[in-house]
Amino acid sequence: MITTDRATFRDALPDGGRLLGLDVGTKTIGTALCDAGWSFASPADLIKRTKFTMDKAALAAIIKRQQVKGLVIGLPLNLDGSDSPRTQSTRAFARNLDDLGLPILLWDERWSTAAVERQMIAEDLSRAKRAERVDKLAANYILQGAIDGLAASIPLPSGVGGTREAPEG
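Heads up: the sequence shown is residues 1 to 169, going by UniProt numbering.
Given below as structure tokens:
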């Protein structure tokens, strides 16, 4: 199941379980993992792209080793929200992973790489260090945004955070 709707994705997931975030590039795939409670994301592996079958095998190994329950893939939209050639490529990549049997959320990744680059420049990292880390950190940024969005879409228990009646008088 592939979706851009976070409620649909959330409904397809078991309660708890780790999510794997992906920043899919032409040369590398940056990965990030979140904890089972969906509180925080952490950068993980960087996969050097070769043939798709090898890329998929590397992802399947991470999924098995880390007991991943769902995938969040960054969707590179144009600034106006329309699809770009990279968007179509990413959608095809997601379709090719669909047979892994995990729910897949395509998450708007506009500005993710730019935000990560700005942060690394602020930290005074060299160009070489930035190039080495950008895809993993972009995957982390994408996954953190998604888990924050998922948390915001989970209804609160009855009586928590709802409207309160104004006191009389």
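Idealized CB from N, CA, C, for every residue including glycine.
None of the values given here were measured: they were computed from a predicted structure.
Please confirm if residue i has its CB atom under 7 Å from at least one CB of chain B.
{"i": "L106", "result": "In the displayed structure, chain B is absent; only one protein chain is listed."}
Could you check what DSSP says for residue i in three-state terms: helix, strand or coil?
{"i": "A44", "result": "strand"}
{"i": "D108", "result": "strand"}
{"i": "K69", "result": "strand"}
{"i": "A7", "result": "helix"}
{"i": "L22", "result": "strand"}
{"i": "L33", "result": "strand"}
{"i": "T163", "result": "Residue confidence is low: T163 scores 33 on pLDDT, short of 50, so the model does not pin down where it sits. No coordinate-derived value is stated."}
So is residue i buried or exposed if we call it buried at 16+ other beta carbons inside 10 Å?
{"i": "G37", "result": "exposed"}
{"i": "T50", "result": "exposed"}
{"i": "R6", "result": "buried"}
{"i": "T26", "result": "exposed"}
{"i": "N140", "result": "buried"}
Nearest-angstrom Cα distance between residue i and residue j?
{"i": "L106", "j": "L13", "result": "15 Å"}
{"i": "A151", "j": "T53", "result": "33 Å"}
{"i": "I2", "j": "Q119", "result": "31 Å"}
{"i": "K78", "j": "L71", "result": "According to the sequence provided, residue 78 is Asn. The question's Lys does not apply to it. If I take the Cα positions, the gap works out to 22 Å."}
{"i": "V160", "j": "G149", "result": "Per-residue confidence for V160 stands at a pLDDT of 35, beneath the threshold of 50, marking its modelled position as unreliable; the derived number appears in the next sentence. So the alpha carbons of these two residues sit roughly 19 Å apart."}
{"i": "S82", "j": "D35", "result": "32 Å"}
{"i": "G145", "j": "G101", "result": "23 Å"}
{"i": "D45", "j": "K136", "result": "7 Å"}
{"i": "D80", "j": "A58", "result": "33 Å"}
{"i": "N96", "j": "P85", "result": "17 Å"}
Look at residue i and residue j and say whether their C-beta atoms are less than 7 Å apart.
{"i": "F9", "j": "P103", "result": "yes"}
{"i": "I47", "j": "I29", "result": "yes"}
{"i": "L143", "j": "A32", "result": "yes"}
{"i": "I73", "j": "A94", "result": "yes"}
{"i": "K56", "j": "G17", "result": "no"}
Checklist entry - How do the region 41–54 and the region 20–27 stand: do at least 3 beta-carbon pairs fall below 8 Å, yes or no? => result Between the region 41–54 and the region 20–27 there are three or more inter-stretch CB-CB distances shorter than 8 Å, so the stretches are counted as touching.
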